[in-house]
Structures are given as structure tokens and as C-alpha cells.
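Protein chains in written order, with the numbering used here: chain A, 1020 to 1214; chain B, 2 to 491. C-beta: ideal position from N, C-alpha, C; glycine also. All values derive from a computational prediction rather than experimental measurement.
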């Protein structure tokens, strides 16, 4: 019986990983489109230099290939919970600033927020397979943004979306790594894989 | 030599003189007399300056300079005529200099020292606004007031062409009092000590682009500045897509001048300051129009519960979200005011106002305002003449006769105050249509009935109904759904 259970868990794990990879890939292309819309609609320069934004988890990671599967999932989960809160904040600000004037950006933001929420749930599912389950939500509380001027908020939004696009790329790699480890190959990431 | 007398208050004068010979002198004996003094008034002084009363016509002054050992070595007599005495008002003192950063306005308050002067004198105040360590004069204004024999605090506002944060502003003031009854020469007072409003370029963490997140009218001329840290350089300043030439204000502040600003996009126009070491700072400016006068304001009721007012907004303001134009409906007779929830993207705007008990006439003022301006439209309306009933519902047709039927329908609303005129359309398959009008008391959320006679037996009819006010026609309701009925055989 135990063998049957572990096989179904492995199948479930592989299925979640492959669906997660597709979701992250789609999210990335949508975030890139959203970035273009955002830059144009906010009148920003696409090459604008944006300092690190407080509360936005950084996708780049050192010794990526040494991370365990659980570490990858936990870091991904923390990031996307933060992005979920940040995007919700952006959507609220967008509504306050523009009302119905720019529904296009509002809808695109809402669509990406939906995907981030879905992907967050997905990661929680993967963590449940690991018997330890996802950490509580309070770990992901995003600090209240300091009193920012409108321009600083515009730049902050740009920073959030850029980092989200980076995370989507990293998530695809993390999940591929998980899928590989899940199928027992357990090989370390090939150099080409590391972000 | 050179005895000069100056008065600041027309009662006392300060006289000063020179002593030609070199070397150390002792005390000076100063005597003066006027024709209304019984004898001379004398006193000693070390200064070459004394304060004595202003004479009605003239004073005779004798100045004896003594050596340090007290021996008189020079005496001179002077005749001071009233017409030779110079009148110079006291130097004004700035009581307060208060900046309002949100409107870039300086408020200056000072005392006119009017108490010491007779009532009704004309006073002129020259006010200078300066920048760059009070070296560059920005403007000079002459302000006029009348003295009232009281010390009055005068107040004056000045709106800067640039945000006050951009750099320090300095103010000084002097005055000239036209003492008509004083025959001597008159002159401006000294300039007051300078009042200062420090700019952000004097604060350690004062950097930023200013003005921040303001709303201005299309066509405005804007001065936008970038305040940065000591040692940083501004690479460029842009407004929207354009790079602008920079105007240095201080070592930590430069500005650009945008003339005749055009309307910005919904998210505002960015003013961006690109700094050395990849620094970027910026501000968002919203350039739009004041709201247009609402056009075609019209109000009607469909149920005598809510009055629905509609209008066309006119030219879009270009301002959205929390800066959008906000509408409110004020009814003068009842004094009731309703704020309207309006979707700025809809061409037609709608606002609901409750029908008030025992009030037939409504004197509406539709007010609209946004950060740039406000306007209004008004409309006086007799509600009974603006009835546009809802579509009749639940139309049913019954009848057990070959030539007549009964129609029943329901209208949502409270029309007890008026009579209704309803029109029944009778049609048969061969595009033959007849209209039958029937009027009836209004009623409150009630069902209405009508009987139709002289129909043809064993014929399939389609019926539909619409209603309006019988007494003062305004608009028909929409047609109800069609209801079919076949009359019985003869």
C-alpha cells in the first residue's frame, strides 16, 4: 500500500510542478506585457533606474544550485505572497489615482494579480505534499509603504513589476529543479540552469 | 559743520554735526531755543548727536566744542528752519513672514506705526522679494495704505512663480509717508532687516523635485525645480518627453521653465531629474481644465420616488481619479444637497435626488468642481410636468367574448398625484395597427386595467401598452412586452 501511496504522491508532485512551470511561464509573459503598458501609461522611461524597493523580494540568489527543494518553495512562496500584497496595493492606488480613466492598465494589473494569487496557492499545494505545509500568512505581511510621492509610487510600481518578471523566470527554473529531484534523478542543476 | 536734523515722528528730531578740527575733544555744550521757549535749553553731550523737539517754525542752536581739558575752543550758532528738517519714517519691522508651500504664497505682516502720525496720511510701502542670498531682486511692489492714528498690522500676499521649496526667499520693506502738512523734505525709510523663508536647498535631507503632485490649468507656465544633495550634479531635467534647459538657483537647486503647459495624460506628466551616480528624482504634475458648464441639464421622475437628472459634461477636464470633477445637486427650496456618484468615462452623467414630500417644484443647482475650478448649471422644474413612467409590466389580456378583451398591467411607481394616459397598440398579423388611448387615475404601485371592444371574433391580436402623464405630457414610457390573445369565435 505504501508503495502505491508514494507513487501517487510522486505523480501528484510531478503534475503540480509541470502545471506550475506553465503558470509561471504564462505569468512572466503577461508581466512583461504589463510592464510595457505600465511604462507607457505612467509616462516613464523604460530604462529608468529604480533603486531597490523595500518590501520587494529579490529574485537573484547566490548558490542557487545548492538550495534544497523546500528552500526553493519557501522562498518562492514568501516572494509571491509579498507580490500579491504589493500588486493589490498598486491596484488600489491605480483606482484612487485614475478612477475609470485607465481601465486597460487596471484590468492588466488585476489579471496578473489573479495569476500571482493562483501561483501562490499552487506553491502552498506543493508544500503540503511535503507534509510540513506552508507557513502562516502573517509571515508575508508587506510593510506599509512610507509616504511616497506620486512619482516615487510610479517608480516603485516599476520596480515591483520588474522584480516579478525576474521571479517568474526563477520560479520556472526552481520548479524544473523540483520536478527533476522529484523524479529521483537528484542531479545538481546543470550550469545552464542556474539563474 | 554740516548740522543736519532728521525727524521720524514730526515731534522730535535727531540733529547731527561734524567737528572739523582733528585731535581729542571733551564734552560738547549744546543749547537750543525757539520763539515759544522762554529761554535756551542747554545740556552737555559726548556724542555729535542730540534729540530735541521739532520747532513750530525754527530753532536757534549753539554748539560749543570743548577740548579734553574743558576749555571751549569752538562755538557755532545755527538757525534750523522747519523746512530744512528731513522727515524719514521709522524703519518698518517685519512682524511675520509665513510661507504657504501648497500655494507657493508668502504672507508678510508688519505694523504701520500709524499711532504717532495724524489720521488719514497716505503711506506707501515698497516690498522687495529677493533670492540667491538676497542678492537677486525678483520683484518690487509698492503697497498703499492710509494711516489711521493707530498702529495697524498690515498684511500682504505674494505668489511666487516657483515653488517656495526650490530656494530661499528673502523679503524687505521700507516706507514713505506723505506728510502733507510737514513742509520739510521727505524721504523713504531705511529698508527693514531681511525676512527669510529657507528653501529645501538649505535642508540636509531636503532633496526632491518640486512642485510635488500638483494640479494646474492647461496653458499655465510652470517652474519646476530639482533640489539635490551637496556634491551631486544634475545630468538633465525632463518634463514629459522633453529635456529642458536648466536655470541654476543655488549650489543645490536648479529649475526648468515650462511655458503654456498642455493637458497631461490620465496618470499625469512626469518631471524627472536625472542626477549623477544614477540618482533619479521626480514629481508628477496634472495639467487639466476647469470643469465645463454642464450642458442640457434635464430632470425627470419615473416613479415619483427618485428624480433623475442627466446632463452632458462638456469638455473633459483631463483629470481623473481623486482629481476628477465632482458633481453635487443642490435644491434651493428644500436646502437639500446630494453628492453625485458619476462615472467619468460616460458621456452622459446621471444623478438621483429623492422626491420630497409635499414638494412639486424643484429649483436645482448642479454644481461641479475640480482642483482647477468650479461652475454650475441650474434648472427649475415642476415635477408633475416631468413624468417619464417606467415600462409597464406584467401585461395580461383576458376575455371570454368574441369582440372584447380586458387588459391588465402594472407600473412600478407612485403616481397617485397625477392622471395617467396610456396607449394600447392593437395589431394583428397583417401589419394592421391601431392605437387606443385611455386615461386613468395614477395610483400607487398599482395595476391598471382597460377594456377594448369592437374586436373581430376568432382573431389573433398582439397587444402592448405604454403610459405617460395625462395632464402634462413629457415622455412616453417604453412599450411593454407584447401579449397575444385570440378572441373567441362568434
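For residue 6/B, the residue or residues it bridges with in DSSP: Looking up residue 6/B in the second chain gives position 5. Partner(s): 16/B.
Local conformation of residue 1171/A per DSSP, three classes: The sequence position of residue 1171/A within the first chain is 152, counting from 1. DSSP places residue 1171/A in helix when its eight states are reduced to three.
Should residue 1062/A be flagged as near chain B, meaning a C-beta pair shorter than 8 angstroms? Locating residue 1062/A in the first chain gives position 43, counting from the first residue. Closer than 8 angstroms: yes.
Does the separation of the CB atoms of residue 1197/A and residue 1091/A fall below 8 angstroms? Working through the first chain from its first residue, we reach residue 1197/A at position 178. Working through the first chain from its first residue, we reach residue 1091/A at position 72. Yes.
Got a sec: is the Cβ-Cβ distance from residue 1066/A to anything in chain B below 8 angstroms? Here residue 1066/A refers to the residue found at position 47 when the first chain is read from its first residue. No, residue 1066/A lies away from the interface with chain B (no Cβ there is under 8 angstroms from its Cβ).
Nearest neighbour of residue 1/B, chosen from 216/B, 42/B, 179/B and 203/B [CA to CA]: Nothing about residue 1/B can be reported from this structure: the residues present for chain B run from 2 to 491 only.
Could you tell me whether the Cβ of residue 1073/A comes closer than 8 angstroms to any Cβ of chain B? As a position in the first chain, residue 1073/A is number 54, starting the count at 1. For residue 1073/A, the answer is no, since every Cβ of chain B falls outside 8 angstroms of its Cβ.
Between residue 110/B and the ligand FMN, is there a pair consisting of the residue's CB and a ligand heavy atom that are separated by less than 7 angstroms? For the structure depicted, the ligand FMN is absent and the ligand set is empty, with no information on it obtainable.
Write down the C-beta distance between residue 156/B and residue 173/B rounded to the nearest angstrom, noting that I regard them as a contact closer than 8 angstroms. Looking up residue 156/B in the second chain gives position 155. Looking up residue 173/B in the second chain gives position 172. In fact, because the Cβ distance is near 16 angstroms, the residues do not count as touching under 8 angstroms.
If you draw a straight line from the C-alpha of residue 1041/A to the C-alpha of residue 267/B, how long is it? By one-based count along the first chain, residue 1041/A stands at place 22. By one-based count along the second chain, residue 267/B stands at place 266. If you take the alpha carbons of residue 1041/A and residue 267/B, they lie about 35 angstroms apart.
What are the partner residues of residue 285/B, as DSSP defines its beta bridges? One-based indexing of the second chain puts residue 285/B at position 284. Residue 285/B is bridged to 271/B.
Given residue 35/B, which residues of its chain have a CB within under 6 angstroms of its CB, disregarding the five upstream and five downstream residues? Within the second chain, numbered from 1, the residue matching residue 35/B stands at position 34. If we look at residue 35/B and ignore the five residues flanking it on each side, its Cβ neighbours are 56 and 60.
Which residue wins for smallest C-alpha separation from residue 290/B, given the options 375/B, 331/B and 153/B? What you label residue 290/B is simply residue 289 of the second chain in a count that begins at 1. For residue 290/B, the nearest C-alpha among the options comes from 375/B.
Cutting at 8 angstroms between CB atoms, please list the residues of its own chain near residue 116/B, excluding the five before and the five after it. As a position in the second chain, residue 116/B is number 115, starting the count at 1. Hits under 8 angstroms: 150, 151 and 152.
Judging by CA-CA distance, which residue of 54/B, 283/B and 21/B is the nearest neighbour of residue 37/B? Against the second chain, residue 37/B aligns to sequence position 36. Ranking 54/B, 283/B and 21/B by Cα distance to residue 37/B puts 54/B first.
Could you tell me how far apart the beta carbons of residue 195/B and residue 83/B are, in whole angstroms, since I believe they sit closer than 8 angstroms? Position 194 of the second chain, counted from the start, is the residue given in the question as residue 195/B. Position 82 of the second chain, counted from the start, is the residue given in the question as residue 83/B. Contact doesn't hold; Cβ gap of about 35 angstroms is too wide.
To the nearest angstrom, how far is the alpha carbon of residue 297/B from that of residue 1116/A? Locating residue 297/B in the second chain gives position 296, counting from the first residue. Locating residue 1116/A in the first chain gives position 97, counting from the first residue. Whole-angstrom Cα-Cα distance: 29 angstroms.
Closest to residue 1/B by C-alpha separation, out of 210/B, 315/B, 483/B and 294/B, would be which residue? Outside the shown range of chain B, which is 2 to 491, sits residue 1/B, and nothing can be said about it.
Taking residue 1117/A as the query, report the chain B residues whose CB atoms sit under 8 angstroms from its CB, ordered along the chain. Within the first chain, the letter at position 98 stands for residue 1117/A. Within chain B, the residues near residue 1117/A are 267, 268, 321 and 322.
Chain B contacts made by the stretch 1034–1065 of chain A, where a contact means CB separation under 8 angstroms: 1060, 1061, 1062, 1063 and 1064
Under a Cβ-count criterion, where at least 16 other Cβ atoms within 10 Å of its own Cβ denotes burial, should residue 21/B be classed as buried or exposed? Taking the second chain and counting its residues from 1, the one referred to as residue 21/B is at position 20. Its Cβ having fewer than 16 others within 10 Å, residue 21/B is exposed.
Among 321/B, 402/B and 419/B, which one has its Cα closest to the Cα of residue 361/B? Here the question's residue 361/B lines up with position 360 in the second chain. Of 321/B, 402/B and 419/B, the residue nearest in Cα terms is 419/B.
Counting only C-beta atoms, is residue 92/B closer than 8 angstroms to chain A at any point? Within the second chain, residue 92/B is the residue found at index 91, counting from 1. No, because no Cβ of chain A sits closer than 8 angstroms to the Cβ of residue 92/B.
Proximity test, Cβ basis, 8 angstroms: residue 1169/A and chain B: Numbered from its first residue, the first chain carries residue 1169/A at position 150. Yes, its Cβ sits closer than 8 angstroms to a Cβ of chain B.
Would you say residue 345/B reaches chain A, if we count a Cβ-Cβ gap shorter than 8 angstroms as a contact? Residue numbering aside, residue 345/B sits at position 344 when the second chain is read from its first letter. True, the Cβ-Cβ gap to chain A drops below 8 angstroms.
On a CA-only basis, which of 321/B, 107/B and 358/B is nearest residue 344/B? Give me that one, please. Your numbering for residue 344/B matches position 343 in the second chain. Among 321/B, 107/B and 358/B, the Cα nearest to that of residue 344/B is on 321/B.
Rounded to the nearest angstrom, how far is the Cβ of residue 154/B from that of residue 96/B, given a contact under 8 angstroms? In the second chain, counting from the first residue as 1, residue 154/B sits at position 153. In the second chain, counting from the first residue as 1, residue 96/B sits at position 95. Right, their Cβ atoms sit about 6 angstroms apart.
What residues in its chain sit with their C-beta under 6 angstroms from that of residue 477/B, if we drop five residues either side in the sequence? Locating residue 477/B in the second chain gives position 476, counting from the first residue. Result list for residue 477/B: 467 and 469, in chain order.
Same chain, Cβ closer than 8 angstroms to residue 395/B, five either side skipped, listed in chain order: For this step, residue 395/B is matched to residue 394 along the second chain. Closer than 8 angstroms at Cβ, skipping near neighbours: 409, 410, 411 and 448.
Looking only at its chain, what residues have a beta carbon closer than 8 angstroms to the beta carbon of residue 1060/A, apart from the 5 residues adjacent to it on each side? Translated into the one-based positions of the first chain, residue 1060/A becomes position 41. Once the five neighbours on either side are set aside, the close Cβ partners of residue 1060/A are 1121, 1123 and 1124.
For residue 132/B, report the span of its beta strand (DSSP E) as first-last. For this step, residue 132/B is matched to residue 131 along the second chain. Unbroken beta strand (DSSP E) run through residue 132/B: 123–132.
Is there contact between the stretch 132–150 of chain B and the stretch 215–230 of chain B, where contact requires at least three CB pairs shorter than 8 angstroms? no
Considering only DSSP beta bridges, list what residue 238/B is partnered with. By 1-based counting over the second chain, the position of residue 238/B is 237. Residue 238/B is bridged to 245/B and 274/B.
Residues that residue 216/B contacts on chain A, provided the C-beta gap is smaller than 7 angstroms: Here residue 216/B refers to the residue found at position 215 of the second chain. Residues of chain A passing the Cβ test: none, with the nearest at roughly 11 angstroms.
Are the CB atoms of residue 323/B and residue 349/B nearer to each other than 8 angstroms? Within the second chain, numbered from 1, the residue matching residue 323/B stands at position 322. Within the second chain, numbered from 1, the residue matching residue 349/B stands at position 348. No; because the gap between Cβ atoms is not below 8 angstroms, this pair is not in contact.
Helix, strand or coil: which one does DSSP assign to residue 1207/A? Numbered from its first residue, the first chain carries residue 1207/A at position 188. Confidence in residue 1207/A is poor, its pLDDT being 41 and thus under 50, which makes the residue's placement too unreliable to answer from.
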